[in-house]
Amino acid sequence: MTTLHDRPNTALVVIDVQNGVVGEAYRRNAVVANISTLVEKARDEGVTIVWVQHSSEEMEPGSEAWQYVSELARHEPEPLVHKQYGNSFEGTDLADVLADAGVGRLIVTGAETDACIRSTIHGAFTRGFDVILVGDAHTTNDLTAWGAPPPEVTIAHINLYWQYQDAPGRIASVSQTKDVSFSG
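Add 81 to a position in the sequence shown, counting from 1, and you land on the number used in my numbering.
If you want it as structure tokens, here you go:
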């Protein structure tokens, strides 16, 4: 149902599952395991997997913090998109990567829920993509010291409101790892 014509394909998008992002994240091990399950399923089904990797002063390219977690390994020729902003589309070639693969439907996983995940799902939706957020395959850190709600509340809130997003010709939904279908 995407508004992007001639884009029948689906991609799994894995955002910022890097040591410096998820090292202390809420339910880190369970979330990484769910993402790993989805990566293997996507590979088995021949689905495009797009890896997104954030860089910043705290996560310099090549540093340990910048590296993807050891449980997840990108395979060639799976695309790798480098970003410096929360929204994975801003200042990157993500839109071109998805267009080249004929992708109009995104299955989104990763971190952090209230930053890069939130801004990327909105960025994708406004660009015409169908966007499925995997509710048990994204996480965030505890930012309560700065006034944020606890991580479990943040994640529940994003999952709640995303399943009710709507716009002409597009689908926004939330699925659990066990229920993800790459065939639409």
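Built from N, CA and C at the ideal position, the CB exists for glycine as well.
Could you spell out the range, first to last residue, of the beta strand (DSSP E) harbouring residue i?
i, result
"Val133", "Thr129 to His135"
"Arg186", "Val184 to Ala192"
"Val94", "Asn90 to Ile96"
"Leu161", "Leu161 to Lys164"
Is it the case that the CB of residue i approaches a heavy atom of the ligand ATP more closely than 7 Å?
i, result
"Gln246", "With respect to the ligand ATP, the structure offers nothing, as it holds no ligand at all."
Within 10 angstroms of the Cβ of residue i, are there 16 or more other Cβ atoms? Answer buried if so, exposed if not.
i, result
"Asn115", "buried"
"Pro160", "buried"
"Trp132", "buried"
"Gly228", "exposed"
"Met140", "buried"
"His86", "exposed"
"Thr258", "buried"
"Pro142", "exposed"
"Val234", "exposed"
In three-state DSSP terms, what is residue i?
i, result
"Asp199", "First, the residue type needs correcting, since residue 199 is Arg and not Asp in the sequence shown. Three-state DSSP puts Arg199 in a helix."
"Asn240", "helix"
"Asp260", "helix"
"Gly209", "coil"
"Thr220", "strand"
"Ala106", "coil"
"Val234", "helix"
What are the boundary residues of the alpha helix (DSSP H) that residue i is part of?
i, result
"Val112", "Arg109 to Glu126"
"Val178", "Leu175 to Asp181"
For residue i, write down the residues that DSSP places opposite it in a beta bridge.
i, result
"Arg251", "Ala248"
"Leu85", "In the DSSP output, where bridge partners are listed per residue, Leu85 has none listed."
"Gln99", "Tyr149"
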